[in-house]
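Peer 1: Just so you know, we're using my numbering here: the sequence shown kicks off at 20 and counts up by one.
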Amino acid sequence: MLDFVPVPSDQWEVLQDIMNSQPDFLWLLKGKKALNQIDILKYLQKSKRMNRNLAFIKKDNQCIGMIDYQWKSPLDGHPWVGLFLIHNSYERQGYGTLAFAKFEGMVREKGDSMIRLGVHEGNDVGHLFWTKQGFVPFKRFTLDECQMIGLEKRIYFYVKMGDSNVR
20 MLDFVPVPSD
30 QWEVLQDIMN
40 SQPDFLWLLK
50 GKKALNQIDI
60 LKYLQKSKRM
70 NRNLAFIKKD
80 NQCIGMIDYQ
90 WKSPLDGHPW
100 VGLFLIHNSY
110 ERQGYGTLAF
120 AKFEGMVREK
130 GDSMIRLGVH
140 EGNDVGHLFW
150 TKQGFVPFKR
160 FTLDECQMIG
170 LEKRIYFYVK
180 MGDSNVR
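#1: Would you identify the three-state DSSP class for P93, choosing helix, strand or coil?
#2: Using the rule of at least 16 other Cβ atoms within 10 Å of the residue's Cβ for burial, across every protein chain shown, is R186 buried or exposed?
#3: First and last residue of the beta strand (DSSP E) that includes M133?
#4: Starting from the Cα of H97, find the closest Cα among K121, D87, V126 and A74 and give me that residue.
#5: Taking all protein chains shown into account, decide if D95 is buried (16 or more other Cβ within 10 angstroms of its Cβ) or exposed.
#6: So is L34 buried or exposed if we call it buried at 16+ other beta carbons inside 10 Å?
#7: With a CB to CB cut of under 6 angstroms and the five nearest residues on each side skipped, what residues in its chain are close to S28?
#8: Distance, Cα to Cα, Y88 vs I105?
#9: Whole angstroms are fine: how far does the CA of E164 sit from the CA of F176?
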């Protein structure tokens, strides 16, 4: 069972460990292979300032990743995933898929019909992961001088036949 636990600002070192476990991603995103304390604290401040939810992904009380998301983006009113990382020690074990399924369930419970995110144009691994989760491209855009591919996934709601509460 995976849980999402809000990231307290005093646990920036845990966040740093997760982020620095993905040096190729950081190189693509930030042009460096590791983030220092100042980088992480700036990230925490920016996330808070932009009203994003930042959570550790935990398995049996162990931090295995992180997710940064907004329930309602000011751009379009849809939920957006800003950053989703699994620590490299836990990669390729299905935890990314399980964590996203949990997030998708949370979005469905809120009644939202779409999830959106941006993938850096050169992030082939990320693009493949999100495509496997059912995301499709909807636009290209620039974010912090990076070329991004906007991906979206429609959320479907299933209703039991004969449910008298459905009209």
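Where a beta carbon is used, it is the ideal one built from N, C-alpha and C, also for glycine. Owing to the predicted nature of the structure, the values given are computational and were not obtained by experimental measurement.
Peer 2: With the given structure in hand:
#1: Looking at P93 - three-state DSSP - the assignment turns out to be coil, as it is neither helix nor strand.
#2: Low confidence applies to R186: its pLDDT is 48, below 50, so where it sits in the model is not reliable, and the reading given next is rough at best. By the neighbour-count rule (16 or more Cβ atoms within 10 Å), R186 is not buried but exposed.
#3: Judged by DSSP secondary structure, M133 falls within the beta strand (DSSP E) whose first and last residues are M133 to H139.
#4: Residue V126 holds the alpha-carbon nearest to the alpha-carbon of H97 among K121, D87, V126 and A74.
#5: With fewer than 16 other Cβ atoms within 10 Å, it is exposed.
#6: Buried, since its Cβ has 16 or more Cβ neighbours within 10 Å.
#7: Around S28, the same chain offers L63 as residues with beta carbons nearer than 6 angstroms, after the five sequence neighbours per side are excluded.
#8: Inter-residue distance for Y88 and I105 is about 15 angstroms (C-alpha atoms, whole angstroms).
#9: So the two alpha carbons sit approximately 37 angstroms from each other.
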